[in-house]
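Peer 1:
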């Protein structure tokens with residue numbers, strides 16, 4: 002039987018205690034766990050690109066999305082099982098920790114910031130490595146990567162923001178259900194649901210997008226050369242800044258949406274659904290206040 | 002404004018979200034003053 006909501010918020014507060022203990026006392030270790038977590042997210046992004054290149058859209062418009070989701074789905078599993086940090090999964094943990102007075106709002110913001118920096122470095126570095134590879138420099142993958150970049154970087158601020166909310170609403174629901182489940186197999190299945198849903202659902206995830214949308218920028222010169230040879234129209238050029246087709250534009254509004262989705266629709270909702278009296282009874286029986294994921 | 006870093010609608014919604022979440026937490030604390038916690 003999975004744990005009750007009352008038990009879950011106490012478990013999450015204990016996980017918060019463990020994570021923010023690291024933020025307070027070993028911040029570089031926390032950043033490093035973020036580097037590993039960020040890279041694990043784009044392991045999934047790389048696989049997603051590998052299987053979705055060349056899938057004809059007229060076959061079934063959602064088929065490429067489904068394939069991407071199926072190979073992406075173990076990203077959250079390996080992060081959770083390894084105990085590394087993913088900032089978009091830590092947001093709901095931190096806000097429940099604030100309600101349980103394990104951390105202050107100031108520490109919440111600092112922890113999220115450190116987690117983001119670590120995830121950024123891991124995601125960007127891994128995709129920079131991939132950009133120098135042979136297989137991903139070949140045509141169908143170059144074209145798919147560029148097409149994904151044009152599509153995602155072409156959305157307006159509001160379009161990105163709402164899909165950022167949808168992303169972490171799905172992903173952090175899966176992450177909190179991982180904590181709620183008691184059996185190993187159930188934990189793995191629930192954690193796998195999150196990335197499957199957010200990737201197949203075409204949503205926006207800030208850490209996945211850091212590397213995934215950097216790849217076509219790293220490879221843009223090679224893409225233009227190949228497109229020229231093949232007579233393909235390559236009029237939409239990507240860039241790192243703000244504005245249409247800008248990497249920073251997508252990242253800014255994805256981060257804002259991801260914060261809202263995870264904190265408000267998962268963390269706050271689960272906390273308010275839990276019964277305060279029953280939570281207090283659980284605290285009265287508790288001896289340990291820390292759980293490592 | 003659709004591609005500006007200062008999109009007023011999105012930033013407005015985000016600040017509303019901050020007010021809402023912090024407000025809910027404060028109300029919760031006031032309603033449940035004995036709610037457990039281990040603030041350092």
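Chains as they are written, first to last, in my numbering: chain P, 2 to 294; chain U, 2 to 41. Ideal Cβ placement from N, Cα and C applies to all residues, glycine included.
Got a sec: is the Cβ-Cβ distance from residue 179 of chain P to anything in chain U below 8 Å?
Peer 2: Residue 179 of chain P does not count as touching chain U.
Peer 1: Verify whether the separation of the beta carbon atoms of residue 94 of chain P and residue 272 of chain P is less than 8 Å.
Peer 2: No, the pair does not count as a contact, with Cβ atoms beyond the cut-off.
Peer 1: Where in the segment 65-153 of chain P do unbroken runs of the alpha helix (DSSP H), each at least 4 residues long, occur, reported from the N-terminal end onward?
Peer 2: 75-83, 88-100 and 106-132, all fully within the segment 65-153 of chain P.
Peer 1: Distance check for residue 192 of chain P and residue 276 of chain P, CA to CA, integer angstroms please.
Peer 2: The straight-line gap from Cα to Cα measures roughly 25 Å.
Peer 1: In the DSSP assignment, find the alpha helix (DSSP H) that holds residue 45 of chain P and state where it starts and stops.
Peer 2: It spans 28-53 - the alpha helix (DSSP H) in which residue 45 of chain P sits, taken as one unbroken run.
Peer 1: Leaving out the 5 sequence neighbours to the left and right, which residues in its chain are closer than 6 Å to residue 247 of chain P when beta-carbon positions are compared?
Peer 2: The answer, listed in chain order, is 240.
Peer 1: With C-beta atoms as the reference, is residue 92 of chain P less than 8 Å away from residue 242 of chain P?
Peer 2: Going by C-beta atoms, residue 92 of chain P is not nearer than 8 Å to residue 242 of chain P.
Peer 1: Just to confirm my understanding: we take residue 147 of chain P, look at its own chain, exclude 5 residues before and 5 after, and list those with CB closer than 7 Å. What are they?
Peer 2: The answer, listed in chain order, is 217 and 224.
Peer 1: Relative to the C-alpha of residue 6 of chain P, which residue among P:260, P:268, P:259 and P:256 is closest?
Peer 2: The shortest Cα separation from residue 6 of chain P among P:260, P:268, P:259 and P:256 belongs to P:268.
Peer 1: With 8 Å set as the bound, which would you pick, yes or no: does the beta-carbon of residue 173 of chain P sit closer than that to a beta-carbon of chain U?
Peer 2: Not an interface residue.
Peer 1: Do three or more CB pairs link the segment 20-37 of chain P to the segment 74-87 of chain P at distances below 8 Å?
Peer 2: Short answer: they touch.
Peer 1: Cα separation between residue 177 of chain P and residue 183 of chain P?
Peer 2: If I take the Cα positions, the gap works out to 12 Å.
Peer 1: Below 8 Å between beta carbons: does that hold for residue 116 of chain P and residue 35 of chain P?
Peer 2: Their beta carbons are under 8 Å apart, which means residue 116 of chain P touches residue 35 of chain P by this criterion.
Peer 1: Just how far apart, CA to CA, sit residue 162 of chain P and residue 254 of chain P?
Peer 2: Taking the straight line joining both Cα atoms gives about 5 Å.
Peer 1: Considering Cα atoms alone, identify which of P:138, P:270 and P:167 is closest to residue 51 of chain P.
Peer 2: For the residues P:138, P:270 and P:167, the minimum Cα distance to residue 51 of chain P belongs to P:138.
Peer 1: Using a Cβ-Cβ distance under 8 Å, would residue 10 of chain U count as near chain P?
Peer 2: By this cut-off, residue 10 of chain U is an interface position.
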